Amino acid sequence: MESFLAFPELIAFDLDYTLWPFWVDTHISGEPFKLLSNGNVIDRGGFEVRLYKDVASILEFIRCYLPSTKLALASRTPEPEWASGIISKLEITPDLKKVNFLKEEFGLKESHFEPSATKKPFKEYFSSIQLYPGNKLPHFRAIQKDTSIAYDDMVFYDDEPRNIKDVNGLGVFSVLAGNGLTIPLFVESITKYISSKN
682 MESFLAFPEL IAFDLDYTLW PFWVDTHISG EPFKLLSNGN VIDRGGFEVR
732 LYKDVASILE FIRCYLPSTK LALASRTPEP EWASGIISKL EITPDLKKVN
782 FLKEEFGLKE SHFEPSATKK PFKEYFSSIQ LYPGNKLPHF RAIQKDTSIA
832 YDDMVFYDDE PRNIKDVNGL GVFSVLAGNG LTIPLFVESI TKYISSKN
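If you want it as structure tokens, here you go:
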């Protein structure tokens, strides 16, 4: 069954209030950033950066079970250096029960890589990272240039309707993540994407 599922060739994510529950330019007080033993990062003021609880497991599921699907970040943050500093230090620990749940939801059997609950550098999951102010159209043109993947083979998650509208206009399957990226939202949206391709 799995060979007939048309998974996206690329999945892109916004950062603020999509992968993590804060705005970099509002809540972060700046460098230096320090890695904690749990994989999270604190800024110079002691603010602890953490991802939404399902994000690490979703990323690991994609890495292991959808190895042909590339991942990208597209953020319009006014503080790209701070966002980049966090991304370069952050480590994530997937929940294997959640990874297995996703595997079963999509009816997948074989993994390309063995899922692991060990900490991994967050940055290593992504093939293209675009961090700069302004609407997301330049971000996606850069992602398309980096990956040579057509817009209609991409899925994008963002918490802001204006970004969804802009990127959807390129032909990208765009998903509003108003309460952050969750497993139910991921399953529902990827299922809809697959249906749209069949």
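Plus 681 on top of the position in the sequence shown (first one is 1) and you've got this note's numbering.
All residues carry an ideal CB built from backbone N, CA and C; glycine is no exception.
Since the structure is predicted, the reported quantities are computational estimates derived from the model, not experimental observations.
For residue 753, which beta-bridge partners are listed by DSSP?
-> Locating residue 753 in the sequence shown gives position 72, counting from the first residue. Answer is 693, 809.
Quick one: is residue 836 near chain D, going by C-beta distance under 8 angstroms?
-> Structure shown: chain D not included; a single protein chain is present.
Measure from the alpha carbon of residue 765 to the alpha carbon of each residue in 860, 697, 864, 836, then state which is nearest.
-> If you number the sequence shown from 1, residue 765 lands on position 84. Comparing Cα-Cα distances from residue 765 to each of 860, 697, 864, 836, the minimum goes to 697.
Under a three-way DSSP split, which group does residue 784 fall into?
-> Within the sequence shown, numbered from 1, the residue matching residue 784 stands at position 103. Helix.
Give me whichever residues DSSP pairs with residue 722 in a beta bridge.
-> Along the sequence shown, read from residue 1 onward, the residue named residue 722 stands at position 41. According to DSSP, which records beta bridges pairwise, residue 722 is partnered with 716, 730.
Note down, in chain order, each residue of its chain lying with its Cβ closer than 8 angstroms to the Cβ of residue 842, except the 5 sequence neighbours on either side.
-> Against the sequence shown, residue 842 aligns to sequence position 161. Closer than 8 angstroms at Cβ, skipping near neighbours: 857.
According to the Cβ coordinates, are residue 789 and residue 832 closer than 8 angstroms?
-> Counted from its first residue, the sequence shown places residue 789 at position 108. Counted from its first residue, the sequence shown places residue 832 at position 151. No.
Would you check if the stretch 767–775 and the stretch 799–814 touch, i.e. whether three or more CB-CB distances between them fall below 8 angstroms?
-> yes
Which word fits residue 794, buried or exposed, when buried means at least 16 other C-beta atoms lie within 10 angstroms of its C-beta?
-> Residue 794 sits at position 113 when you count from the first residue of the sequence shown. It is exposed - the Cβ of residue 794 has fewer than 16 other Cβ atoms within 10 Å.
Count the other CB atoms, across all protein chains shown, that sit within 10 Å of the CB of residue 822; report buried if there are 16 or more and exposed otherwise.
-> Taking the sequence shown and counting its residues from 1, one reaches residue 822 at position 141. Classification for residue 822: exposed.
Based on the DSSP secondary-structure assignment, which residues constitute the bridge partners of residue 900?
-> Because the chain here runs from 682 to 879, residue 900 falls outside it and cannot be looked at.
Could you have a look at residue 872 and say whether DSSP puts it in helix, strand or coil?
-> The residue labelled residue 872 in the question sits at position 191 within the sequence shown. Of the three classes helix, strand and coil, the one that applies to residue 872 here is helix, per DSSP.
Endpoints, the beta strand (DSSP E) within which residue 836 is located | As a position in the sequence shown, residue 836 is number 155, starting the count at 1. Looking at the DSSP string, the run of the beta strand (DSSP E) that includes residue 836 is 835–839.
With DSSP collapsed to three states, give me the class of residue 709.
-> For this step, residue 709 is matched to residue 28 along the sequence shown. In this structure, residue 709 counts as coil in the three-state DSSP scheme.
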